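There are 2 protein chains.
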Amino acid sequence: MGWAAVSAEDNLLELVEAEEPDENDYRLQEQVGFILRKAHQRHVSIFAAHIADLTPPQFAALAKLRDVGETSQNQLGSLIAMDAATVKGVIDRLKARGFVELSKHEIDKRRLLVNLTAEGRDAIERLIPLAREITQETLAPLSAKEAAIFMKLLAKLA
Amino acid sequence: MGWAAVSAEDNLLELVEAEEPDENDYRLQEQVGFILRKAHQRHVSIFAAHIADLTPPQFAALAKLRDVGETSQNQLGSLIAMDAATVKGVIDRLKARGFVELSKHEIDKRRLLVNLTAEGRDAIERLIPLAREITQETLAPLSAKEAAIFMKLLAKLA
DNA sequence: GGAAATTCATTCGTATGCAAATGATATCAA
DNA sequence: TTGATATCATTTGCATACGAATGAATTTCC
Chain A
1 MGWAAVSAED NLLELVEAEE PDENDYRLQE QVGFILRKAH QRHVSIFAAH IADLTPPQFA
61 ALAKLRDVGE TSQNQLGSLI AMDAATVKGV IDRLKARGFV ELSKHEIDKR RLLVNLTAEG
121 RDAIERLIPL AREITQETLA PLSAKEAAIF MKLLAKLA
Chain B
1 MGWAAVSAED NLLELVEAEE PDENDYRLQE QVGFILRKAH QRHVSIFAAH IADLTPPQFA
61 ALAKLRDVGE TSQNQLGSLI AMDAATVKGV IDRLKARGFV ELSKHEIDKR RLLVNLTAEG
121 RDAIERLIPL AREITQETLA PLSAKEAAIF MKLLAKLA
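Listed in order, the protein sequences are those of chains A and B.
For the first sequence, my numbering begins at 1 and goes up steadily by one.
For the second sequence, my numbering begins at 1 and goes up steadily by one.
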């Protein structure tokens, strides 16, 4: 096998390259984590444009309290995907705003119970229609069918 | 029209309810923003399990510098979706680690040029294979076809 | 040429987000 | 019963993330 077999050499190279097409090629902009971060940023920005006086985590806490009623702080955190340290800060700020009130569990003295105040309930009821708009605007780049598929796959991923 | 027309009344109510099926119904767990936040959290967790000594934003900065070479701090920020305040902190920490070096632009004295050090280049080359695994693991709940569809829709959204 | 607008970077303040350590309380098990 | 475990909450430290204000340098435009 001498250098006369030029086309055979080329074919071999093509095969090798076909096995490892991305050896030197890493495109940050195409990685799921990078795009996920950007999509999340965009959502937070849309949220802020519609609801200026509350953050998404604060809204989530109020919305979940509306669903389940009084719960312990950590339990609420697990319902809205926040660890103990994070949920504490969120609840502290909601308390300072008068949207939630805290009390001690009668039996289990470790637990800190959280509940909506009347003002907090008013706020979340008032904000839910805006939250629907936020969801709509976030999904606006997709058709209805695309959005449905996307939501199903995103849920699988999360 | 008296109260004899009971079934007609019922039909009317059904119609009204069909128009507004979710009047009192807001499911936080089904909102795109909430799930997006959880999916992002999951990705960050997977990232940390594979690459313990660098955060996703720090990795993004190194990967992008590898692509484009020396750039100004703000320009780098816009390439990886970070505002000026955020990118400064990321670059400061990468500089403290010896992964990037800073210099002043000769002509435009406002600009702060950022570039990889030899150590930074070694690091990013070493980490890219791990980053591929991170992407794979993040998308693991989806089939190859689902992942392709998801990435296309996610890109549209971000 | 020079005032106005723009760009680059920094700083400050506020808000997640999480790991790790700690203390108080409750539960489990030998 | 009591000693080991587990749970609930707090605190500290670090790292994004972004709005707003500031200062320095450049560009635009009349």
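Every residue gets a Cβ at the ideal spot worked out from N, C-alpha and C, and that includes glycine.
Keep in mind the model is a prediction, meaning the values are calculated, not measured.
8 Å Cβ cutoff, residue i in contact with chain A
{"i": "B:H43", "result": "yes"}
{"i": "B:Q75", "result": "no"}
{"i": "B:F99", "result": "no"}
{"i": "B:V32", "result": "yes"}
{"i": "B:K109", "result": "no"}
Secondary structure of residue i, DSSP reduced to three states
{"i": "B:A147", "result": "helix"}
{"i": "B:Q31", "result": "coil"}
{"i": "A:T138", "result": "helix"}
{"i": "A:L54", "result": "coil"}
{"i": "B:A158", "result": "coil"}
{"i": "B:K152", "result": "helix"}
Euclidean distance between Cα positions of residue i and residue j
{"i": "B:P57", "j": "B:V90", "result": "7 Å"}
{"i": "B:L94", "j": "B:D83", "result": "17 Å"}
{"i": "B:R37", "j": "B:I107", "result": "42 Å"}
{"i": "B:A131", "j": "B:F47", "result": "8 Å"}
{"i": "A:A52", "j": "A:H43", "result": "13 Å"}
{"i": "A:Q136", "j": "B:Q31", "result": "10 Å"}
{"i": "A:L79", "j": "A:A140", "result": "27 Å"}
{"i": "B:R126", "j": "B:A158", "result": "28 Å"}
{"i": "A:N115", "j": "B:S45", "result": "30 Å"}
{"i": "A:T121", "j": "A:L54", "result": "For the record, residue 121 of chain A in the displayed sequence is Arg; it is not Thr. Those two C-alpha atoms are separated by around 14 Å."}
{"i": "A:T71", "j": "A:N24", "result": "52 Å"}
{"i": "A:A5", "j": "B:K64", "result": "Residue placement at A:A5 is flagged as unreliable, the pLDDT there being 47, under the threshold of 50; the coordinate-derived value follows with that caveat. Computed Cα separation, rounded: 41 Å."}
{"i": "A:I35", "j": "B:K104", "result": "31 Å"}
{"i": "B:R97", "j": "A:R27", "result": "24 Å"}
{"i": "A:I134", "j": "B:I124", "result": "37 Å"}
{"i": "B:K152", "j": "A:S143", "result": "13 Å"}
{"i": "A:N74", "j": "B:E146", "result": "35 Å"}
{"i": "A:G77", "j": "B:E101", "result": "41 Å"}
{"i": "B:Q41", "j": "A:K156", "result": "14 Å"}
{"i": "A:S86", "j": "A:F59", "result": "For the sequence presented, residue 86 of chain A should be read as Thr rather than Ser. A:T86 and A:F59: Cα-Cα distance of roughly 14 Å."}
{"i": "A:R110", "j": "B:Q29", "result": "28 Å"}
{"i": "B:H160", "j": "B:I128", "result": "This structure does not reach residue 160 of chain B, given that chain B is present from 1 up to 158, and the question cannot be answered."}
{"i": "B:L113", "j": "B:R66", "result": "14 Å"}
{"i": "B:L154", "j": "A:G33", "result": "11 Å"}
{"i": "B:F150", "j": "A:E119", "result": "40 Å"}
{"i": "B:L62", "j": "A:A61", "result": "36 Å"}
{"i": "B:F99", "j": "B:T117", "result": "5 Å"}
Closer than 8 Å to chain B by CB, residue i
{"i": "A:L154", "result": "yes"}
{"i": "A:G69", "result": "no"}
{"i": "A:R28", "result": "Reading off the sequence shown, one finds Leu at residue 28 of chain A, where the question assumed Arg. Yes - at least one Cβ of chain B is within 8 Å of the one on A:L28."}
{"i": "A:L157", "result": "yes"}
{"i": "A:K64", "result": "yes"}
Quick check for students: name the residue ranges of the beta strand (DSSP E) that lie wholly in the region 66-123 of chain B, counting only runs of 3 or more.
100-104, 112-116
For the region 137-148 of chain B, which residues have a CB atom closer than 7 Å to at least one CB atom of chain A, in sequence order?
T138, L139, P141, L142, E146
Would you list, in chain order, the members of the region 81-96 of chain B that have their beta-carbon closer than 7 Å to a beta-carbon of chain A?
A81
When Cβ atoms are compared, which residues of the region 35-60 of chain B fall closer than 9 Å to chain A?
I35, L36, R37, K38, A39, H40, Q41, R42, H43, V44, I46, F47, P56, P57, F59, A60
For the region 117-138 of chain B, which residues have a CB atom closer than 8 Å to at least one CB atom of chain A, in sequence order?
I128, A131, R132, I134, T135, T138
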